[in-house]
Amino acid sequence: MMMMTIENNIVQAVSEIITSVYGHQVSERELLLQKTRKEFVGDITLVVFPFVRLSKTSPEQTATLLGDELVKRLEDVTSYNVIKGFLNLSLSPDYWLRFLKSQMNNESFGMWPVGGQTVVVEFSSPNTNKPLHLGHVRNNLLGYSVSRILEAAGNRVARVNLVNDRGIHICKSMLTWIKFGNGETPQSSGKKGDKLVGDYYVMFETELRKQAGTLAQERGIGEDEARKIAPLMLEAQELLRKWELKDPETMSVWEMMNAWVYEGFDKTYARMGVHFDKIYYESDTYLLGKELVLEGLEKGVLIRKEDSSVWADLTDMKLDQKLLLRSDGTSVYMTQDLGTAQLRYDDFKADKMIYVVGNEQNYHFDVLQKVLKKLDKPYADAIYHLSYGMVELPEGKMKSREGTVVDADELMDEMIATARRMTEELGKTDDFSAEEKEKLYNIIGMGALKYFILKVDPRKNMLFNPAESIDFNGHTGPLIQYTHARIRSILRTADDARIEKTDLDVVNAGDMNEKEKRLLKILYAFPEVVQESAVEYSPATLANYLYDLAREFNQFYHDYSILNEPNLAISDFRLQLARLTARVIKSGMGLLGIEVPEKM
RNA sequence: GGUUCCGUAGCUCAGCUGGAUAGAGCAACAGCCUUCUAAGCUGUGGGUCCCAGGUUCGAAUCCUGGCGGAAUCACCA
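To convert, count from 1 in the first sequence and add 3; that's our numbering.
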């Protein structure tokens with residue numbers, strides 16, 4: 004969507020001026036506009052240093068000439084000032100007022116019309132042998148938010164989940180359940196299904212370590228060695244073989260236990276507010292990819308070794324050789340991912356396939372993409388690994404073996420409990436019904452958690468300290484939610500008290516104060532921020548923008564009265580300003596997967 | 001050891017397609033509720049942007065080399 008924005012007009016005009024006055028073309032790259040910093044007068048700043056070599060005059064002279072011409076040519080540019088090589092342009096207050104008028108009734112302000120690409124976003128992709136933890140939470144929130152942002156930026160988006168429901172890890176849980184479970188079920192124990200299965204996985208590890216310990220002593224071998232030959236491990240491998248042969252008894256245990264896990268996951272997903280358009284299961288896809296490999300062999304882009312294993316030689320792409328088929332002809336993880344990439348491409352005809360997967364798999368995705376390139380697949384370049392950083396604890400990485408894993412359900416419970424405690428201390432919900440209270444605490448607690456995670460640049464590792472609970476004051480989700488609730492409260496009062504004018508024609512744009520103008524400028528940037536977040540796949544960009552907006556509004560709110568402003572025209576203007584702010588907060592937070600309350 | 005990513009205030013993080021005097025929040029201290037929600041607002045203190053070179057009119061941002069941290073380099077997933 005190419006809008007005739009003032010920015011475009013300025014770029015266009017400057018380009019023309021330079022061509023006609025100095026006789027040179029300038030590339031668009033050199034023509035960069037930025038927001039004027041608040042310590043200077045102006046709205047938009049053009050850096051003129053790049054043109055100095057064309058103008059052969061001083062930066063000040065160049066800037067002055069450009070400034071004069073721009074004021075002459077563009078109605079909305081009313082004045083300018085030059086500081087060193089910076090040309091600060093002031094737009095007419097009417098320009099900002101026109102913007103507000105044009106958008107104040109636009110419910111979907113900031114949302115771009117569909118017309119972009121078809122994008123598949125894979126996220127979550129859990130194993131079915133243990134419950135979701137904080138790492139998964141980051142993954143899910145990121146994946147969900149990125150998909151919402153991509154939609155808002157005009158793309159068609161499909162959310163997919165690839166569940167790892169097979170393999171040795173499930174067999175471990177199954178084995179201990181069969182041996183020691185005595186038929187325990189979620190119903191009989193009252194445990195959440197994924198937790199119950201996770202417990203048997205832990206039990207396997209515990210028992211295995213015991214076995215391996217004694218075995219190591221008896222035979223004088225290393226622990227690692229002993230683990231491999233411990234009876235429990237051999238039994239688990241035997242179970243996997245049975246599974247692969249589709250042994251009915253094994254299949255039925257597998258199906259039952261996975262069903263428990265899905266029931267548990269569904270609850271957790273629902274609480275997190277994420278959902279998928281399509282769920283793939285590895286048990287259906289793990290054999291895919293072989294044909295692709297054989298095809299590659301025929302084309303001669305892959306190699307077969309003497310033991311008949313198949314490899315991709317990526318040494319010409321600065322990587323290693325990578326195994327694709329074992330000597331016995333079975334596939335590995337990479338093979339499967341080649342297959343699922345093809346499947347996904349066939350299913351969605353996607354222009355872009357995004358994988359939200361931790362940065363520990365950077366190498367894997369690098370290889371995946373390069374093998375697909377070797378195979379000459381058209382979608383090789385469509386693949387994008389959205390590689391996010393680990394969530395670390397003060398003592399380092401979470402380790403399930405050391406019990407330092409932060410469980411997703413427990414974390415959400417804690418957040419909601421904290422929201423309850425804080426809200427009740429503040430006495431904000433005394434007139435709420437029990438149901439309203441529950442809903443509000445849920446919104447605030449989840450808002451705090453989601454914002455805490457999403458405000459950090461996805462690529463970076465982030466720290467979570469369980470000892471100090473996530474903040475509800477300052478640069479947080481609840482502050483933004485609170486700002487929304489404040490505005491809604493005003494709007495409710497306004498609706499009751501009087502009918503506001505909506506033409507704003509009475510307002511003299513010149514009366515606009517600095518705070519109002521700054522707020523307007525931030526609101527104005529919203530569509531661009533949505534687009535930028537989409538291009539960067541970064542909810543953090545949007546999250547930080549929304550905080551800036553909330554802070555700016557709170558300053559404005561503090562300094563000026565909206566409803567008690569005696570001049571009705573100004574009062575209406577401020578009301579519209581507040582209304583648009585609330586709307587941007589609501590839709591922006593929505594793109595982060597965060598709800599905002601009407602009252603808090 | 002190779003490769004990739006990261007290093008900004010005491011702590012958690014913005015800023016990074018090169019642009020003006022590097023910003024927030026938390027924590028500390030000092031203020032602001034007879035006026036639209038104080039989960040707010042205002043102020044004070046707090047910085048060798050890891051180090052050293054280089055490119056440039058200009059470097060937290062780009063390049064090179066160090067130092068420190070993380071991940072990864074399986075016929076595991």
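We put the beta carbon where it would ideally sit given N, CA and C, even for glycine.
Residue(s) in a DSSP beta bridge with residue i
{"i": "Val647", "result": "The requested residue 647 does not occur in the structure, where the chain is confined to residues 4 to 603."}
{"i": "Met236", "result": "In the DSSP output, where bridge partners are listed per residue, Met236 has none listed."}
{"i": "Lys400", "result": "Glu395"}
{"i": "Asn84", "result": "Asn91"}
{"i": "Met259", "result": "DSSP, once it has assigned bridges, lists no residue as partnering Met259."}
{"i": "Ala161", "result": "Val123"}
{"i": "Val17", "result": "None, per the DSSP bridge assignment."}
{"i": "Thr48", "result": "Gln37 and Asn91"}
{"i": "Leu466", "result": "Glu395"}
{"i": "Asp410", "result": "His136"}
Distance, residue j Cα to residue i Cα
{"i": "Asp350", "j": "Gln372", "result": "19 Å"}
{"i": "Asn476", "j": "Ile447", "result": "12 Å"}
{"i": "Val459", "j": "Ser541", "result": "9 Å"}
{"i": "Gln579", "j": "Phe102", "result": "12 Å"}
{"i": "Arg230", "j": "Asn468", "result": "33 Å"}
{"i": "Lys589", "j": "Ile386", "result": "31 Å"}
{"i": "Ala553", "j": "Tyr98", "result": "23 Å"}
{"i": "Glu293", "j": "Lys377", "result": "Looking at the sequence shown, residue 293 is not Glu but Lys. Approximately 15 Å between the Cα atoms of the pair."}
{"i": "Glu598", "j": "Val587", "result": "13 Å"}
{"i": "Met393", "j": "Lys453", "result": "16 Å"}
{"i": "Leu92", "j": "Val163", "result": "47 Å"}
{"i": "Tyr485", "j": "Lys602", "result": "8 Å"}
{"i": "Asn557", "j": "Leu526", "result": "14 Å"}
{"i": "Met4", "j": "Ala581", "result": "Residue confidence is low: Met4 scores 37 on pLDDT, short of 50, so the model does not pin down where it sits. No coordinate-derived value is stated."}
{"i": "Met236", "j": "Thr217", "result": "14 Å"}
{"i": "Glu63", "j": "Ser82", "result": "16 Å"}
{"i": "Asn362", "j": "Asn464", "result": "9 Å"}
{"i": "Asn365", "j": "Ser128", "result": "16 Å"}
{"i": "Gln214", "j": "Glu427", "result": "52 Å"}
{"i": "Tyr568", "j": "Trp263", "result": "Checking the displayed sequence, the identity of residue 568 turns out to be Glu instead of Tyr. Cα to Cα, Glu568 sits roughly 60 Å from Trp263."}
{"i": "Met592", "j": "Leu457", "result": "11 Å"}
{"i": "Thr131", "j": "Gly118", "result": "37 Å"}
{"i": "Leu594", "j": "Tyr147", "result": "9 Å"}
{"i": "Leu144", "j": "Arg76", "result": "47 Å"}
{"i": "Glu3", "j": "Thr179", "result": "For the chain, the structure presents residues 4 to 603; residue 3 sits outside this window and is missing."}
{"i": "Gln120", "j": "Tyr348", "result": "13 Å"}
{"i": "His278", "j": "Ser472", "result": "27 Å"}
{"i": "Leu604", "j": "Gly276", "result": "The displayed coordinates of the chain run from 4 to 603. Any statement about residue 604 would go beyond what the structure contains."}
{"i": "Lys325", "j": "Ala315", "result": "5 Å"}
Member of the options whose CA lies at the smallest distance from the CA of residue i
{"i": "Leu135", "options": "Ile86, Leu199, Arg76 and Pro189", "result": "Leu199"}
{"i": "Glu413", "options": "Pro569, Lys463 and Val140", "result": "Val140"}
{"i": "Ser176", "options": "Glu238, Met592 and Asn143", "result": "Glu238"}
{"i": "Leu73", "options": "Thr584, Ser95, Lys321 and Arg159", "result": "Ser95"}
{"i": "Val256", "options": "Thr188, Lys400 and Lys270", "result": "Thr188"}
{"i": "Asn109", "options": "Phe207, Leu583 and Leu327", "result": "Leu583"}
{"i": "Gly170", "options": "Trp180, Gly186 and Gln240", "result": "Gln240"}
{"i": "Arg489", "options": "Pro600, Lys308 and Asp310", "result": "Pro600"}
{"i": "Leu549", "options": "Asp562, Ala528 and Val538", "result": "Ala528"}
{"i": "Ser334", "options": "Val313, Asp354, Leu317 and His278", "result": "Val313"}
Residue i and residue j closer than 8 Å at C-beta
{"i": "Ala66", "j": "Val85", "result": "yes"}
{"i": "Leu300", "j": "Leu341", "result": "no"}
{"i": "Val166", "j": "Tyr358", "result": "no"}
{"i": "Thr48", "j": "Thr39", "result": "yes"}
{"i": "Ile429", "j": "Phe435", "result": "Residue 429 is actually Leu in this sequence, not Ile. No, they are not a contact pair."}
{"i": "Trp115", "j": "Pro530", "result": "yes"}
{"i": "Asp369", "j": "Leu322", "result": "yes"}
{"i": "Thr544", "j": "Glu555", "result": "no"}
{"i": "Leu137", "j": "Ala420", "result": "no"}
{"i": "Lys281", "j": "Ala437", "result": "no"}
{"i": "His133", "j": "Tyr204", "result": "Per the sequence shown, the amino acid found at residue 133 is Lys instead of His. Cβ atoms of Lys133 and Tyr204: closer than 8 Å."}
{"i": "Leu69", "j": "Leu90", "result": "yes"}
{"i": "Tyr391", "j": "Asn142", "result": "yes"}
(request) Any chance you could list the beta strand (DSSP E) runs of at least 3 consecutive residues sitting entirely within the region 105 to 152, in chain order? (result) 121 to 125
(request) Kindly provide the ranges of any alpha helix (DSSP H) runs that are 4 or more residues long and lie completely inside the region 174 to 204, ordered along the chain. (result) 189 to 192
(request) Starting from the N-terminal side, write out each stretch of the beta strand (DSSP E) that is 3 residues or longer and does not extend beyond the region 306 to 390. (result) 313 to 316, 324 to 328 and 355 to 361
(message) Report the start-end ranges of each alpha helix (DSSP H) in the region 501 to 578 that is 4 residues or longer and not cut off at the edges.
(response) 517 to 527, 529 to 539 and 542 to 562
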